[in-house]
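All remarks here apply to the structure that follows.
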Amino acid sequence: MNMRLEVLNSGYGLATRVLFAFVRMVSGHATPDAARLVFYRPDFYGSRMKELTHHVMRGASSWSVADRELMAAYVSTVNQSAFCIGAHTATASLAYKDPAAVAAVLSDIESAPIDEKLRATLRMLGKLEREHSVAESDMRALLEMGVSKRQIEDALAVCFAFDVTNRLADAFGFELLSSEGFAAGAKVLLSRGYR
Amino acid sequence: MASEFTARNVHNAVVTRVLQGNGEAPHPLRRAAFDNAGLEEPLRRLINKVAAEPTRVTDDDIGAVKRSGLTEDQIFELVICAAIGQSSRLYETALSALDKVSASDPGEHAS
Numbered sequence: 002m003n004m005r006l007e008v009l010n011s012g013y014g015l016a017t018r019v020l021f022a023f024v025r026m027v028s029g030h031a032t033p034d035a036a037r038l039v040f041y042r043p044d045f046y047g048s049r050m051k052e053l054t055h056h057v058m059r060g061a062s063s064w065s066v067a068d069r070e071l072m073a074a075y076v077s078t079v080n081q082s083a084f085c086i087g088a089h090t091a092t093a094s095l096a097y098k099d100p101a102a103v104a105a106v107l108s109d110i111e112s113a114p115i116d117e118k119l120r121a122t123l124r125m126l127g128k129l130e131r132e133h134s135v136a137e138s139d140m141r142a143l144l145e146m147g148v149s150k151r152q153i154e155d156a157l158a159v160c161f162a163f164d165v166t167n168r169l170a171d172a173f174g175f176e177l178l179s180s181e182g183f184a185a186g187a188k189v190l191l192s193r194g195y196r
Numbered sequence: 799m800a801s802e803f804t805a806r807n808v809h810n811a812v813v814t815r816v817l818q819g820n821g822e823a824p825h826p827l828r829r830a831a832f833d834n835a836g837l838e839e840p841l842r843r844l845i846n847k848v849a850a851e852p853t854r855v856t857d858d859d860i861g862a863v864k865r866s867g868l869t870e871d872q873i874f875e876l877v878i879c880a881a882i883g884q885s886s887r888l889y890e891t892a893l894s895a896l897d898k899v900s901a902s903d904p905g906e907h908a909s
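From first to last, the protein sequence lines are chains L and U.
Using our numbering, the letters of the first sequence map in sequence onto residues 2 to 196.
Using our numbering, the letters of the second sequence map in sequence onto residues 799 to 909.
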């Protein structure tokens, strides 16, 4: 399987091709399409989007890295975006060291054994993705239960980053990885982040 | 504090770059893809799917746009503009609701 634009499969300069070959040699896995995309003409999109994604996923926030990876997996699940579901379910599972809890959230947000503030925040992100709007009353309810304005902003930024990536994954046709491939990718995302 | 490194500022930089910076697709076409408005077939169909139902994009949606005369680099840019445009509308809608509520809350200070 290839991405739907040939330039995204074979349009890279020598230095980038060497990097992809090095990744394959060291990890035993091809560079995933999500990473290949941000190396194509990086001045147009990839460089800034990597900065944004790294900032929102690994920068200062009172949400843990695991919580933010769960938000990425949850948004991708609502959007039915297969590549990102695989990648961020694996990363959230590794970050929490609790694959069962992550699976529970993604199958039923209401009954999953998680913190109520996180549940309510995920519920709001799900509504935004499904209905394309959220009401002031939704935001007021989050604030009143003790989710801070900054936490809501941080969650919305995670949602933006993965809403964009979901769309591009499905439009360009990112190739799905094996479970071993997603697990290997999860280790890289936790050790190195998104830069 | 316009240069403060916040998600909102980085988001603005991403949007400004794809709409106003150098590229292969004409600026008005990038803007139309971002807005998902004012496009003609077959590009309209591809861009509308990116914005409304991206899991339904097919090889032929992209093939038809190629056959209409756009290059792969132009399609690359226009699909990215469409994705960022729709995602930005969701992001800004939610931030606007949050800002309205928190502006009326004496416990919160606008940053």
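Glycine included, C-beta positions come from ideal geometry on N, C-alpha and C.
Predicted, not measured: the structure shown is a model, and the values here were computed from it.
Boundaries (first-last residue) of the alpha helix (DSSP H) holding residue i
| i | result |
| --- | --- |
| R141(L) | E137 to E145 |
| K188(L) | S180 to R193 |
| G29(L) | Segment: none, G29(L) is in no alpha helix (DSSP H) and carries neither H nor E. |
| Y13(L) | Here Y13(L) belongs to no alpha helix (DSSP H), and DSSP marks it neither H nor E. |
| E838(U) | Segment: none, E838(U) is in no alpha helix (DSSP H) and carries neither H nor E. |
| F40(L) | D34 to F40 |
| G867(U) | Per DSSP, G867(U) belongs to no alpha helix (DSSP H) and is neither H nor E. |
| T122(L) | E117 to E132 |
| Q818(U) | A805 to Q818 |
| Q81(L) | First-last for Q81(L): undefined, no H or E at that position. |
| K98(L) | First-last for K98(L): undefined, no H or E at that position. |
| G47(L) | G47 to R59 |
| P824(U) | From DSSP, P824(U) is part of no alpha helix (DSSP H); its letter is neither H nor E. |
| N167(L) | K150 to F173 |
Which listed residue (the options) has its alpha carbon closest to that of residue i
| i | options | result |
| --- | --- | --- |
| R151(L) | T122(L), H89(L) and S138(L) | T122(L) |
| S847(U) | H809(U), A880(U) and A892(U) | First, the amino acid is wrong: residue 847(U) is Lys here, not Ser. Taking only the C-alpha atoms, the option nearest K847(U) is A880(U). |
| D897(U) | R59(L), S138(L) and F45(L) | S138(L) |
| S28(L) | R196(L), E181(L) and G194(L) | E181(L) |
| L190(L) | S82(L), N3(L), T90(L) and N10(L) | T90(L) |
| L841(U) | K864(U), A850(U) and V812(U) | K864(U) |
| A88(L) | P33(L), L119(L), E52(L) and S134(L) | P33(L) |
| F952(U) | G174(L), T54(L) and V19(L) | The displayed coordinates of chain U run from 799 to 909. Any statement about residue 952(U) would go beyond what the structure contains. |
| A885(U) | L119(L), V106(L), G147(L) and F161(L) | A small fix is needed here, since residue 885(U) is Ser in this sequence, not Ala. The option with the nearest alpha carbon to S885(U) is F161(L). |
| A175(L) | R806(U), H809(U), F832(U) and V855(U) | Position check: residue 175(L) holds Phe in this sequence, whereas Ala was assumed. Closest option to F175(L), Cα to Cα, is V855(U). |
Residues in the stretch 847-863 of chain U with C-beta within 7 Å of chain L's C-beta atoms, listed in sequence order?
-> V848, P852, T853, V855, D857 and I860
Residues from the stretch 872-901 of chain U in contact with chain L, defined by Cβ distance under 8 Å = I873, F874, E875, V877, I878, A880, A881, I882, Q884, S885, S886, R887, L888, Y889, T891, A892, L893, A895, L896, K898, V899 and S900
Near-chain U residues of the stretch 11-30 of chain L (beta-carbon distance less than 7 Å), N- to C-terminal order = Against chain U - using a Cβ distance shorter than 7 Å - the stretch 11-30 of chain L contributes no residues.
Output, in sequence order along the chain, the residues in the stretch 76-88 of chain L whose CB is closer than 9 Å to any CB in chain U.
-> N80, Q81, S82 and A83
Members of the stretch 821-838 of chain U near chain L, C-beta cut-off 8 Å = G821
Going along the stretch 103-129 of chain L in order, which residues come within less than 9 Å of chain U, judged by CB to CB distance?
-> Result list: M125, L126 and L129.
Below 9 Å between beta carbons is the criterion; list the residues of the stretch 167-178 of chain L that meet it against any residue of chain U, in chain order.
-> N167, R168, L169, A170, D171, A172, F173 and G174
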